[in-house]
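Working notes for the structure below.
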Amino acid sequence: MTQRKGPTAEPRAGSTGEAPPPPRPPRARRPTIGDVAALAQVSKATVSFVANDRPGVSPEARRRVRAAMDDLGWQPNAGARALSTRRWQTLGLVIRRPPELLSTDPFFPQFVAGIETGLAPLGYALVLQVVPDAESERRAYE
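Here the sequence shown is numbered in the working numbering, starting from -12 and rising by one per residue.
Below you can see the structure in the form of structure tokens.
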């Protein structure tokens, strides 16, 4: 492979004498249902029962699972839940406005925040689509 020469050639990484950027710190691994089960000394099925408020778990085991969830900061993975239940808890909102007006309209951020505040306790997510005209809005609903 040859390197391009001339004014359009871009310098290769490290060829300008600059030090390369420092490596990014590794991401913290999200706790899993297995981590919760191990900490609470129960099965993964028991954790699932507690997470879904299903009966059949003793009060003591339920307490240990909830404590482990809190200690680890574990929350159910919405994607995994959607795959297992084949249901997406998502609400779509289509707004017909010129996109550049959204950042200047003081009503819009409060409106969206209010919707999010109402949906979050129910476990729903909001998907927002901004469209510039009626035809785009019609296509969004198809």
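All residues carry an ideal CB built from backbone N, CA and C; glycine is no exception.
Item, Value
"Pairs of beta-carbons, one from the segment 43 to 52 and one from the segment 66 to 78, closer than 8 Å: are there three or more?", "no"
"Between the segment 107 to 115 and the segment 74 to 87, do at least 3 Cβ pairs fall closer than 8 Å?", "yes"
"Looking at C-alpha atoms only, which residue of Leu109, Ala107, Pro86 and Gly110 is the closest neighbour of Glu123?", "Rather than Glu, the amino acid found at residue 123 in this sequence is Ser. Ranking the options by Cα distance to Ser123, first place goes to Pro86."
"For the candidate residues Pro10, Gln62, Phe36 and Pro7, whose alpha-carbon lies nearest to that of Thr19?", "Gln62"
"For the alpha helix (DSSP H) containing Ala158, name the first residue and the last one.", "Residue coverage of the chain in this structure runs from -12 to 129, which leaves residue 158 outside it and unanswerable."
"Note down the Cα distance separating Glu103 from Arg16, rounded to an integer number of angstroms.", "26 Å"
"Are there 16 or more other CB atoms within 10 angstroms of the CB of Glu5, so buried, or fewer, so exposed?", "exposed"
"Sorted by chain position, which residues of the same chain lie with C-beta nearer than 8 Å to Arg53's C-beta, five sequence neighbours on each side aside?", "Val37"
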